[in-house]
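Data first, discussion second: the structure below is written as structure tokens.
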Amino acid sequence: MKKIFLVFLILSTYTISAHVITGTVTDDELESLPSVNIYVDGTSYSASTDLNGLYTMVLSEGTHRVTFSFIGYTPEVKTVTLKTGETQNINIKLKSESIYTDEVVVVGYGVQRRREITGSIESIDGKEIGNIPVPSFEAALQGQAAGVQVSTGSGLAGSG
38 MKKIFLVFLI LSTYTISAHV ITGTVTDDEL ESLPSVNIYV DGTSYSASTD
88 LNGLYTMVLS EGTHRVTFSF IGYTPEVKTV TLKTGETQNI NIKLKSESIY
138 TDEVVVVGYG VQRRREITGS IESIDGKEIG NIPVPSFEAA LQGQAAGVQV
188 STGSGLAGSG
């Protein structure tokens, strides 16, 4: 009986001293975002949101930089200071940073080892095309590699 009481006492002390952040992650239109990555800089603490955009993290006491990131959205960084036994509700709204491009079609035929290829291979480095002043990604690819053709349709029926 004494052992059970001691275990209960230790667990209740831990529960009282827990430091928790919780909240919801949404987008610009207040739609919940599932599977948002949440991590604390400089530690191994990490979590992700559930299907409703909800998260909960138990952290140590002190000040933490918490980063919320999701593909297609600008990461949000919050500085959180937790005191003994404190629970903070931090709701995050991520801003969309979508890149709109026309349809991209990639055609490939099988898998070959590099030494078995009889044709030519050309690589385009993102750094090379990143500094070209063009209105779109497709226009930056034009003329960068032999055999690359970029065609942009006007959106009208039959325009290609």
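Start counting the sequence shown at 38; every next residue gets the next number (my numbering). Glycine is no exception: its CB is placed at the ideal position from the N, C-alpha and C atoms.
Checklist entry - What is the DSSP secondary structure of ILE166, counted as helix, strand or coil? => result helix
Next on the checklist: For THR59, tell me which candidate among PRO172, LEU96, GLN186 and LEU67 has the shortest Cα-Cα distance.
Outcome noted: LEU96
Checklist entry - Excluding five sequence neighbours on each side, which residues of the same chain lie with their C-beta closer than 6 Å to the C-beta of GLY215? => result Outside the displayed span of the chain (38 to 197) sits residue 215, for which this structure offers no information.
Item to check | Buried/exposed call for TYR171, threshold 16 Cβ in 10 Å | outcome: Looking at the sequence itself, residue 171 is Val, so the reference to Tyr does not match. Classification for VAL171: exposed.
Item to check | DSSP beta-bridge partners of SER69 | outcome: THR63
Item to check | Continuous alpha helix (DSSP H) stretch holding GLU175: start and end | outcome: 174 to 178
Checklist entry - When burial is assigned at 16 or more other CB atoms within 10 Å of the CB, is GLY90 buried or exposed? => result buried
Checklist entry - Looking only at C-alpha atoms, which of ALA177, SER160 and SER173 sits nearest to ILE166? => result ALA177
Next on the checklist: Between VAL103 and chain B, is any beta-carbon pair separated by less than 9 Å?
Outcome noted: The structure shown contains no chain B; it holds only a single protein chain.
Next on the checklist: Between THR104 and TYR76, how many whole angstroms is the CB-CB distance? I'm expecting something under 8 Å.
Outcome noted: 6 Å
Checklist entry - Along the chain, where does the beta strand (DSSP E) that runs through GLY99 open and close? => result 99 to 106
Checklist entry - So what's LEU48 in DSSP terms, helix, strand or just coil? => result Here the model assigns LEU48 a pLDDT of 49, short of 50, so the residue's position is not dependable and the matter cannot be decided.
Checklist entry - With burial defined as no fewer than 16 other Cβ atoms inside 10 Å of the residue's Cβ, what is the status of THR121: buried or exposed? => result exposed
Item to check | 9 Å Cβ cutoff met for VAL117 and THR93 | outcome: no
Item to check | As assigned by DSSP and simplified to three states, the class of VAL187 | outcome: coil
Next on the checklist: Taking the straight line between their C-alpha atoms, what separation do you get for VAL187 and ILE108?
Outcome noted: 26 Å
Checklist entry - When you compare only the Cα positions, how much space is there between ILE158 and ASN168? => result 23 Å
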